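Q: First the structure, then my questions, so here it is.
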Amino acid sequence: MQKLNNTFIQLVNILNDGQYHDGTTIGKRLNITRSAIWKSIKKLIQYGVNIDSIKGRGYALREPFILLDRETILNDIKQPITLDVFETLESTNQYLKNFFNGNTIRVCLTEQQTQGKGRMQRTWHSPFGQNIYFSCLYSFQQDMSELSGLSLTVSLAVAKTIREMTAISCQVKWPNDIIYQGKKVSGNLIEIQAESHGICYAIIGIGINVNMLHDHDEIINQPWTSLREITGHYYNRNPFISALMNNLLTYLPAFSQLGLAHFIDEWNQYDYLFNQPITLSNANHTIHGIAKGINQYGHLLLESNGITKAFSSGDTQIIKR
Ligand code: BTN
5 MQKLNNTFIQ LVNILNDGQY HDGTTIGKRL NITRSAIWKS IKKLIQYGVN
55 IDSIKGRGYA LREPFILLDR ETILNDIKQP ITLDVFETLE STNQYLKNFF
105 NGNTIRVCLT EQQTQGKGRM QRTWHSPFGQ NIYFSCLYSF QQDMSELSGL
155 SLTVSLAVAK TIREMTAISC QVKWPNDIIY QGKKVSGNLI EIQAESHGIC
205 YAIIGIGINV NMLHDHDEII NQPWTSLREI TGHYYNRNPF ISALMNNLLT
255 YLPAFSQLGL AHFIDEWNQY DYLFNQPITL SNANHTIHGI AKGINQYGHL
305 LLESNGITKA FSSGDTQIIK R
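Each residue of the sequence shown is one higher than the one before, counting from 5 in this note's numbering.
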């Protein structure tokens, strides 16, 4: 567990022009020793960043990238929050479990997760410096049972952010996937702790495949894509994260006051499964039917043999004709 420090960010910023820079010159610019530079370079290499080095010329990034920058992100967020940014962490959701009972909105970001968690005990592939691994601890003055549509609301906020930042029109796949042309771009994992005095703490974990390219197929066992693969552009994650947080700061209070009913029209516009033949699976069984949208609790409506029933959990898959 290591917080992202400024020297590290500045070093990457210098190397970001793709040119070679020698340790002495970088050291002078950052006012640190050559051995401190070497330590940071070694760390980047350990994190899987491709760095070329030539004796006498120094180091160069094979593929320039921009690290997370706490101050830049905070500057663009419209409300005060507490923000922790790490180089590496087991899981941003796990980290925020240390802060239940706090009374501020707390956000955690990291460049890499070593034990990123997905739904249904799956892992979330989280390579260094490429994607967004974001968790937010948010309190609701509500009973846990009233939060059943939270993950759908979060999906809508993510889809909106992606559209604003990239002009990509994604769809939402019940309950929590963001999909582009059948491939997963983002997912969320929400963990809730209920307190006795009518307060619930939700850890809202969001993973977005931003700049990752397809050299990870062997690790991810479902069809996926990234924003960079879709458009061919590299994305600076910093403004993206501020925009995501600003959208959540609109969507979460609206969900808390008005419930999911407020978002049903929006859900219908994005609904990937609507009118499709699908399977809904959980640990015990698989059900077939035609997806018919959601009800006011965010439960999936499934029509089978002329009868429509609501389901509160499971994994969905379109049946290919
Ligand atoms: C899923 O679609 O299965 C949910 C994926 C959620 C991944 C995010 S990444 C940030 C946060 N920390 C985690 O360990 N998981 C969530």
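Every residue, glycine too, gets a C-beta built ideally from N, C-alpha and C. In this text the structure is predicted, and so the values were computed from the model without any measurement.
Ignore the nearest five residues each way along the sequence and tell me which others in T170's own chain have a CB closer than 8 angstroms to its CB.
A: Within the same chain, T170 has close Cβ partners L231, I234, T235, H237, Y239.
Q: Please list the terminal residues of the continuous alpha helix (DSSP H) segment that includes V214.
A: Run containing V214: none; DSSP gives neither H nor E here.
Q: Just the Cα atoms here: how many angstroms apart are Q295 and F278?
A: The sequence given here has Ala at residue 295, not Gln. C-alpha separation (whole angstroms): 5 angstroms.
Q: Cα separation between I208 and H303?
A: So the alpha carbons of these two residues sit roughly 19 angstroms apart.
Q: Would you kindly work out how many angstroms separate the C-alpha atoms of I102 and G310, rounded to a whole number?
A: This sequence places Asn at residue 102; Ile is not what is there. Cα to Cα, the separation comes out at about 48 angstroms.
Q: Give every residue of the same chain whose Cβ lies closer than 6 angstroms to the Cβ of L252, excluding the five residues on either side of it in the sequence, and list them in chain order.
A: Excluding positions up to five away in sequence, the list reads A161.
Q: Just verifying my parser: in three-state terms, what is the DSSP assignment at Q185?
A: The answer is coil: DSSP assigns Q185 none of H, G, I, E or B.
Q: Buried or exposed: where does R110 fall if 16 or more other Cβ atoms within 10 Å of its Cβ makes it buried?
A: So R110 counts as buried.
Q: Would N242 and T76 be called neighbours here (beta carbons separated by less than 8 angstroms)?
A: Yes, these two residues count as a Cβ contact at 8 angstroms.
Q: According to DSSP, is E307 part of a helix, a strand, or is it coil?
A: Three-state result, E307: strand.
Q: Classify D269 as buried or exposed, calling it buried when 16 or more other Cβ atoms lie within 10 Å of its own Cβ.
A: By the neighbour-count rule (16 or more Cβ atoms within 10 Å), D269 is not buried but exposed.
Q: Beta-carbon separation of T114 and L100 under 8 angstroms?
A: No, the pair does not count as a contact, with Cβ atoms beyond the cut-off.
Q: Is it the case that the Cβ atoms of I183 and I166 are separated by a distance below 8 angstroms?
A: Contact: no.
Q: Take K187 and list the residues in its own chain whose beta-carbon comes closer than 8 angstroms to its own, dropping the five residues that flank it on each side.
A: Same-chain partners within the cutoff: P227, W228, T229.
Q: Assuming G22 and L78 form a contact by the criterion Cβ under 8 angstroms, report the distance between their Cβ atoms to the nearest whole angstrom.
A: Actually they are not in contact, since the Cβ atoms of G22 and L78 sit about 28 angstroms apart, beyond 8 angstroms.
Q: From the DSSP output, in three-state form, read off V111 for me.
A: In this structure, V111 counts as strand in the three-state DSSP scheme.
Q: Taking only runs of the alpha helix (DSSP H) that begin and end inside the region 92–147, which ones reach a length of at least 4 residues, in chain order?
A: Qualifying alpha helix (DSSP H) stretches, in chain order: 96–100.
Q: Could you give the DSSP three-state label for E199: helix, strand or coil?
A: Here E199 sits in coil by DSSP.
Q: With respect to 7 angstroms, is the separation between the Cβ of Y137 and the closest non-hydrogen atom of the ligand BTN below this value?
A: Yes, since a heavy atom of the ligand BTN falls inside the 7 angstroms radius drawn around the Cβ of Y137.
Q: With a threshold of 7 angstroms (Cβ to nearest heavy atom), would N213 be considered close to the ligand BTN?
A: N213: no, Cβ never under 7 angstroms from the ligand BTN.
Q: Taking the beta strand (DSSP E) that K177 belongs to, which residues open and close that run?
A: Its beta strand (DSSP E) spans residues 175–177.
Q: Who are the Cβ neighbours of S260 in its own chain at under 8 angstroms, not counting the five residues just before and after it?
A: Correct list, in chain order: F144, Q145, Q146.
Q: Excluding the five sequence neighbours on either side, which residues of its own chain have a C-beta within less than 6 angstroms of the C-beta of F244, listed in chain order?
A: Result list for F244: M169, in chain order.
Q: Since E380 and L8 are thought to touch, with beta carbons under 8 angstroms apart, how far apart are those beta carbons, to the nearest angstrom?
A: Outside the displayed range of the chain (5 to 325) lies residue 380, so it cannot be described from this structure.
Q: Return the CA-CA distance between L256 and T157, expressed in angstroms with no decimal places.
A: So the alpha carbons of these two residues sit roughly 8 angstroms apart.
Q: Between D319 and the ligand BTN, is the CB less than 7 angstroms from at least one heavy atom?
A: It does not: the Cβ of D319 is nowhere closer than 7 angstroms to a heavy atom of the ligand BTN.
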